[in-house]
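> Chains as they are written, first to last, in my numbering: chain A, 41 to 342; chain B, 41 to 342; chain C, 5 to 401; chain D, 5 to 401; chain E, 968 to 1146; chain F, 968 to 1146; chain G, 1018 to 1104; chain H, 1018 to 1104.
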Amino acid sequence: MVTVKELDRKEHWLPGHSACSGCPASLGLRMLGKALRGNFILVVPACCTTVIQGIYPCTPSQVPLLNIAFAATAATASGLKAALELRGVNVPVVAWAGDGGTVDIGLQSLSGAAERNEDILYICYDNEAYQNTGIQRSGATPYGAWTTTTPLGKRERRKDAPWIVAAHKVPYVATASVAYPLDFVEKVQKAAAKKGFKYIHLHAPCPTGWRFPPSKTIEVGRLAVETGMWILYEIEDGVFKLTGRSKALLDPSKRKPVEEYLKLQGRFSHLLRPEGREALESLKLQIEESWSEVGKLVRGQP
Amino acid sequence: MVTVKELDRKEHWLPGHSACSGCPASLGLRMLGKALRGNFILVVPACCTTVIQGIYPCTPSQVPLLNIAFAATAATASGLKAALELRGVNVPVVAWAGDGGTVDIGLQSLSGAAERNEDILYICYDNEAYQNTGIQRSGATPYGAWTTTTPLGKRERRKDAPWIVAAHKVPYVATASVAYPLDFVEKVQKAAAKKGFKYIHLHAPCPTGWRFPPSKTIEVGRLAVETGMWILYEIEDGVFKLTGRSKALLDPSKRKPVEEYLKLQGRFSHLLRPEGREALESLKLQIEESWSEVGKLVRGQP
Amino acid sequence: MQKTVISGNEAVALGVKLAKVQVVAAYPITPQTIIVEKIAEYVESGELKARFINVESEHSAMAACIGAAAGGARVFTATSSQGLLYMSEMVFWAGGARLPVVMAVVNRAIAPPWSIWCDHNDALSQRDSGWVQLWVENVQEALDTVIQAYRIAEDERVMLPVMICLDGFLVSHSYEPIEVPSQQLVDSFLPEKTPAPYWIDVTNPRSYGTIASPETYMEFRYELQEAMEGAKRVVKEVDEDWGRLTGRSYGGLIDLYLCDDAEVVAVLIGSWAGDAKEAADIMRSRGVKAGVLRLRSTRPFPAEDLVEALKDVDAVAVVDRSLSPGLPSILLSEVKAALYEHGAKPYVKGFIAGLGGRDVTPQDFVNVFERTLKGFKKGETGKVEWVGLRGVGSGHR
Amino acid sequence: MQKTVISGNEAVALGVKLAKVQVVAAYPITPQTIIVEKIAEYVESGELKARFINVESEHSAMAACIGAAAGGARVFTATSSQGLLYMSEMVFWAGGARLPVVMAVVNRAIAPPWSIWCDHNDALSQRDSGWVQLWVENVQEALDTVIQAYRIAEDERVMLPVMICLDGFLVSHSYEPIEVPSQQLVDSFLPEKTPAPYWIDVTNPRSYGTIASPETYMEFRYELQEAMEGAKRVVKEVDEDWGRLTGRSYGGLIDLYLCDDAEVVAVLIGSWAGDAKEAADIMRSRGVKAGVLRLRSTRPFPAEDLVEALKDVDAVAVVDRSLSPGLPSILLSEVKAALYEHGAKPYVKGFIAGLGGRDVTPQDFVNVFERTLKGFKKGETGKVEWVGLRGVGSGHR
Amino acid sequence: MLYEICFNARGGQGAVIAARLLVHAACLSGLWGQAFPLFGGERRGAPVFSYARISDKPVRLRSQIREPDALLVFDRSLAKSGVKVKEEGLVLVNSPSRPQVAHAKVYWLDATSIAKKYGLVFAGWPAVNSAMLGAFARVTGIVAINSLLEAIKSVWAGTLGDLNARAAEEAYREVVGGA
Amino acid sequence: MLYEICFNARGGQGAVIAARLLVHAACLSGLWGQAFPLFGGERRGAPVFSYARISDKPVRLRSQIREPDALLVFDRSLAKSGVKVKEEGLVLVNSPSRPQVAHAKVYWLDATSIAKKYGLVFAGWPAVNSAMLGAFARVTGIVAINSLLEAIKSVWAGTLGDLNARAAEEAYREVVGGA
Amino acid sequence: MPEVPVTAIARPAKGSAGRTGLWRTERPLIDSSKCVKCLLCWLYCPEGAITRGEDDSVEVDYEYCKGCGICANECPVKAIEMVPEAI
Amino acid sequence: MPEVPVTAIARPAKGSAGRTGLWRTERPLIDSSKCVKCLLCWLYCPEGAITRGEDDSVEVDYEYCKGCGICANECPVKAIEMVPEAI
Ligand SMILES: Cc1ncc(C[n+]2csc(CCOP(=O)(O)OP(=O)(O)O)c2C)c(N)n1
Ligand SMILES: Cc1ncc(C[n+]2csc(CCOP(=O)(O)OP(=O)(O)O)c2C)c(N)n1
Ligand code: SF4
Ligand code: SF4
Ligand code: SF4
Ligand code: SF4
Ligand code: SF4
Ligand code: SF4
Ligand SMILES: [Mg+2]
Ligand SMILES: [Mg+2]
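1) Taking the Cβ atom as the reference point for each residue, do G56 (chain B) and T1042 (chain G) lie within a distance shorter than 7 Å?
2) If we call anything under 7 Å between Cβ atoms a contact, is T1079 (chain F) one with V1095 (chain F)?
3) In three-state DSSP terms, what is G1038 (chain G)?
4) Can you give me the Cβ contacts of A122 (chain A) inside the same chain, cut-off strictly under 7 Å, excluding the 5 residues immediately before and after it?
5) Could you tell me the alpha carbon to alpha carbon distance between T90 (chain B) and Y170 (chain A), rounded to whole angstroms?
6) Would you say F1003 (chain F) faces chain D, with C-beta separation under 7 Å as the test?
7) Could you give the first and the last residue of the continuous alpha helix (DSSP H) run that contains R237 (chain D)?
8) Less than 7 Å between CB atoms is the rule here; does C98 (chain A) satisfy it with respect to chain E?
9) Just to make sure I have the definition right: I need the residues of chain D whose C-beta is within less than 7 Å of the C-beta of N172 (chain A). Which are they?
10) Examine ligand 7 and report whether any of its heavy atoms sits within less than 6 Å of the Cβ of P1045 (chain H).
11) Along the chain, where does the alpha helix (DSSP H) that runs through K7 (chain D) open and close?
12) Among all the DSSP beta bridges, which residues are the ones paired with F110 (chain B)?
13) By a C-beta neighbour count over all protein chains shown, 10 Å radius and 16 as the cutoff for buried, is K1051 (chain F) buried or exposed?
14) Beta-carbon of L1046 (chain H) versus every beta-carbon of chain A: anything under 7 Å?
15) Does any heavy atom of ligand 8 sit closer than 6 Å to the C-beta of I271 (chain B)?
16) Grab the span of the alpha helix (DSSP H) containing M91 (chain C) for me, first residue to last.
17) Tell me whether D139 (chain A), by its Cβ, gets closer than 6 Å to a heavy atom of ligand 1.
18) Can you list, in chain order, the residues of its chain with a C-beta nearer than 7 Å to that of F224 (chain D)? Leave out the 5 residues immediately preceding and following it.
19) For N1061 (chain F), report the span of its beta strand (DSSP E) as first-last.
20) Can you tell me whether R401 (chain C) is buried or exposed? The criterion is at least 16 other CB atoms within 10 Å of its CB, across all chains shown.
21) Just tell me which of F:G1101, F:I1081, F:F1103 has its CA closest to the CA of P1093 (chain F).
22) Could you have a look at M1099 (chain H) and say whether DSSP puts it in helix, strand or coil?
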């Protein structure tokens, strides 16, 4: 287990960029930089991270960064990696995309790269909506959440990207959370050391889009895990394993009530009002379903 | 169980079209027509079925058919269904696409429609390559198979579309095979009766692309199932069930040796030569892996 | 009629509501997003009885619109820039299939480098797609044109999709006081959508868009060209009708400002027509007869009307807010080509300005007028000049 | 040099091999497929040391090419029609990013209705994308132009992607005897790709393609336009160099056939130039001085060369194999615009022919020449005529 | 008549809505107007610029405002933003005391305190827009305070409208400066 | 000199390769040529049309062949395909006996039997192309039989080349008709 | 629906690719004396070229049968024989 | 690499969005006497605006600190206080 003290002291993502105050994406980028000690190349599609970079001619990135079109991430990373290999440059190529750019418009390119088992690390930072364009629903937006395109709460359940990627039988799939940076760092390091397609899905509570004060980014992320709304796990060469805080939560009685998570966030406020009761029950049911699937996997493991 | 005698006598896909002799796609379309007694609407992207229709001004289709761009199938079907609902026309909309149009270029649109739980039936007829353009590798091409873009055999394993769709937690996912038309008919009927997104993945041995005589389409399809290369199952509201011939094959000793399946097909001929031994072993391993996953699910089922 | 202060994007959404659109499929992109959000609100609140399809990309947005239009519904989508390019295949599809889809394109520059600001390269990149392309100058016109668009698209003589182009931020995010037509008025102007002429009918099964061999394909394209000729008439008619009902019309295919007696005219599209008109006033206050010809329609390209309006003009400035690299400039070509036929060919000079949201002021247009007149008088070539370029040549390369 | 009989598609693949391309990412589509298959074979057999990326769509094909080019590799892809539209966003991206990607576009009509046959609407739809667009007439030129393309794309004065357009089936599937340059010769003509000027370097980290505000975006576009000016020079130079080495050159930006003394000239792009040249011979045998001007490059549009070649011609026929619905026709506009400047403006008449693979014969071109001369003599307008239209007007509507 | 106004503010201070409100109020006063932001994908907390034009006839201009008649500074820290105000124009700053501004005609008021007083604080940001507009109405007289109050109430329903209106009125009374 | 040839055949009979082979052979005889299919996404078994032009100078034409100098019919059932041959041209049919063809100059040979004899049957289809070309070489004299044999061997290596060459030679000997 | 051919709208008809019976190299012959009316040939024919009579007797539509041989391959009682067409 | 600005190629620099310290409404004050050098504030600061000294002491870079308050919220010993900026 990596400790805080061991973390790279250098900042590879410089301060003074355009992220909102309390932004989970910039925290993720900081940690990514430290995990790989600045020795990697970023590929970034349209998302908050495009804007976070600020405006030409300056950038906060101390690693080479290729901005690319929204739907193109994984394919561009594949091409870039191919070129570097031909040039004998052995540096990890890390695709860094939002949830919309991953589970919606970038899914095809992601799936293609996964099927080809391209030697890249794909990280989806999941702030559960199109935040850059002002909080529209994405496939990853959870059931019940308000966004500007789901004014009464989303009616469909979230698309489960890590499962979808896992169905491609790639060498490494993991979930993580910005609230557990050391767990994330460790997963990044493990992934980067493997050959082939690696996928990490990073939960990233966004104060702007989820409507909570910027000081609570970590708190909200922690509650997502503690209430079981977000599950930390990894699938290494097909073997499923709960990790970190989630290890202890298979027993439902160990989980905090989901209301504790919801009540911090403006986007869920209607769920806690009487008219939201039914939706809240649905949501709880979905959490149970997810854990019961996890249970099957954990028990079915050799 | 539907019997042959009960099948709709009417042909909804008229003879004299442009399919190759022995074509599994046209057989599938015939069966689809019978399953729904001609009362449905087809949405068809670029694939062999585009060409099978023949040339303007005639068509073999006795049901309304909307041809659409390669990547657009599920979204177009969604829009069409929405319009029909507004008009009060209550007819199933069936998307009928090839494997390339499903697992590769059409995956995003498919995934989007699945996430939105659109009320459509999506059928992928899987001839395991881009056959219409002359046998290029698709994501669904199995490991080891020759295509014009994998002259030495495909090096990656097949992308598993039904699993990917199942990860979207839609009401119905099933596999089928043209070699078991009654099983297919039954699944189509079951799917059409459900509301929400339904997906059927139809194995479709293609004499032209797989390099076997056209008389053996059914035989090859049957062997795929009997050797365990292709597994028949359905996932209804989350519950996994082996179906038909595959029910009896969880025990590996009941399966025919995969060589029986491979040897009929030119595309696998190199696997049966000495230099193909390693690849053959890999392929067998993959089959075992798939079945072992199935085993977990079957046993883990409530 | 009711008065209100709303933005261009909100006006588009309002137009969609008034037009009783039935299926909307759209994907967010700056600066179009507010249109989508606003419509989502209308739908969720029940103010607009429509299905809103939250697609996962623009390609699917247009695909869903095509499916819905083929199914007989009145449909709408909106996008910008990258989104328009991403759906390009389907944009061409809607054109070729002759489906009366209406789309708002909130004009934004194309990446890379990333830019969210206005220029016209996005919509113009689709000028071969078989869509009628209408350009608006302000918020009121945005609202009115959405409603007009459905009348045009669904007209038997047209049966083509219609694109409404509004300048990103400059119109989309500008708040202006506008008059909102009543639902009754709109209903009387725009009949309810009937499923015909295009619809999927189980009792009369047909296959749409099968393969057309070299023996038949070309004729379908000819029909498309004829439909564009039809659109020339219909765009004018519809605008006149609207004018009769509301007192507001926009000149049909071209909007003329002080062109009657003009010696120099600026030809352009989009919202900066306003700044150009201010400049024309300034020129006139200085004794130079300047005018502005704003193309409301780029497809069909109103060659006849344009030639008629410019035939007695000495000098013409065509000001493009777009670039086709390797060509002097886009509208310039089309304007010159239209004038080529005409006996007395005026002097025509091209300008490129405002790319990627570069600010363009009335003073810039004054310079354009002056530069053009000078070129005319000196008998210079019409070489394209770039307005407001910075630091190029001086080591920028 | 070795002689062989191969098809246009095979020639392209051979050119790719000779150019020692390092990364290929492509997706199959008729009639381009054989290029992809052939390259896959070369790669698998080790004849070409490259990575072949079997992408899942054309958008990803171009995305992968962009990634690889930014990473410093020499890259290639090929597509047609729908595939080109599907990757359109990335086509514009490669242009804006100034990456020396080379792509073969095997020209095919756009759906619906589905058509796999030749016309030029696909490649022309991307004419604003910032790519150099070169058009070939035959199999030999296809091979030679692939090799030339890399020299052009990678030239410091250009640094732009290059599109090679070859007519679907007519060139792609025609087998012709050609001369194959030796690897040595090609190596001497085309230096090995160095990672510079564009490459990702961990020791000198940069962010590529960040947001450019309205204060800077426009200048990048100006640079792009300047690069196209550079390309005008470089295309000619490279073609001349190639001529010196192989004895084969194609006229640089334009290929002139009997234009010197011509009274009537047909202007066009693509492989039917051959049929037009036959027609010119027929006309000359009848005493009419006809010529053919084939544009090898549409971007940069060779306005200067074109004007120079046509300045003493009486009548010009511009024959388009494409349609921008709502515009008389595409090349016609650009040719007229180029001539507009010129003092003695020849009579110019437009024709549209060959859409969706409609066969066009030398006799059709003879008619085009005659119709044009008649129009010129009678002082008719240059109204566009459609060649070989069937059954339209007679109840087709 | 054409009167151009620039608003300099920070993310949560409501400058975009302010411009729009002003146009609304102008319309109610029988004038025309146009409001627009300088949009740059700003993030919460970052500086925001917005603009308004008020005129007695429809506004046709789309270009940026370079030399406004009035500059409204919602946050003292932005007072030195480089916006050049017309010589005969004015600068109005949210500041408890006379701000350091190099312009002849400067007004100021403690809009932050007023906003806080009426509970107009959202996500940590005092929404000073209504107060600033109230002061603007007073120092320019271009829009009537009643039109402004009506506009405010049509934008925010119920209590929120009332509170904003009261903030505007208080600011109308409190603003000082001018020489 | 320009000599144009049409090939009518069914899917598996090798008409596309035939056209190409012929051009190859023509080149070896010092001529130029061009071969092309009428491509329509045909499926196995469906009729296939292909074309070749042979000339003493580079062929520039891209248009279809409408009135060929020679029509080669690989399958009797396609003899009435509607292709109009030039008056002075010829028709060569794969047929064991004189075919019913309305043209002055008709040749025939049992190419199917020859193909079968040399084992040239693939996926149920006798590949009659080499035989048909052998006969063509004989009846037209445009390409030398030796050039044809060389072309055949450069396309098919080893035994397959030999067998095809032998089929062509046999056909060269066996073809009859002409009046 | 007004039949305005604004785009390719095709109507259903047998033989959209012509008389596909011409594609055959072999012809299926059903020996009705052997046939047990199991209908498997009818079920499996990809072309729909086997017609099913009222009494479940089967017949080949030679106009369109492409001669794939699936029926013969699948007939459980070998009642169908493939005989070469004269090509 | 020749620095030809053919497209937007940006170089790394602090303050790519300017002095983001101006965004603050509240300012974190670290009470070093309470601090136990656990480095959690440094770990969690999204801006990277907390500098870590050689001795693992921590300091705020007010030039860029946006005042989000995460550090204060996460400090296990409440050694960080958020105080209002004068706005
Ligand atoms: C093709 C295309 N469509 C739409 C957009 C507009 N767009 C840019 S970022 C974005 C949202 C990104 O959402 P996500 O991937 O979740 O990242 P986030 O902004 O939430 O960090 C959208 C819709 C675009 N740039 N390109
Ligand atoms: C955007 C786009 N890219 C490529 C094509 C070319 N294309 C048409 S069909 C086809 C293959 C389809 O494969 P699959 O979906 O497996 O169906 P099959 O042909 O095997 O039945 C391809 C590549 C196209 N029509 N559109
Ligand atoms: S919207 Fe959310 S993810 Fe985006 S920059 Fe702001 S805080 Fe970060
Ligand atoms: S290639 Fe295969 S799937 Fe396609 S038409 Fe032929 S047999 Fe059917
Ligand atoms: S041979 Fe094939 S096409 Fe003919 S009847 Fe039998 S199964 Fe049908
Ligand atoms: S399969 Fe054989 S037994 Fe069965 S119906 Fe057909 S011919 Fe008769
Ligand atoms: S307040 Fe936020 S930005 Fe400032 S030092 Fe603390 S965590 Fe970092
Ligand atoms: S979190 Fe608190 S205790 Fe830990 S280092 Fe920071 S200030 Fe010190
Ligand atoms: Mg997001
Ligand atoms: Mg397939």
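Where is the CB? At the ideal position from N, CA and C, for every residue including glycine.
Put simply:
1) no
2) yes
3) helix
4) none
5) 36 Å
6) yes
7) 221–250
8) no
9) Going along chain D, no residue has its Cβ under 7 Å from N172 (chain A), so there is no contact; the nearest lies around 11 Å.
10) yes
11) Here K7 (chain D) belongs to no alpha helix (DSSP H); instead the beta strand (DSSP E) covers 6–11.
12) DSSP, once it has assigned bridges, lists no residue as partnering F110 (chain B).
13) exposed
14) no
15) no
16) M91 (chain C) -> no alpha helix (DSSP H), and no H or E assigned at all.
17) yes
18) A216
19) 1057–1061
20) Residue placement at R401 (chain C) is flagged as unreliable, the pLDDT there being 33, under the threshold of 50; the coordinate-derived value follows with that caveat. Its Cβ having fewer than 16 others within 10 Å, R401 (chain C) is exposed.
21) F:I1081
22) strand
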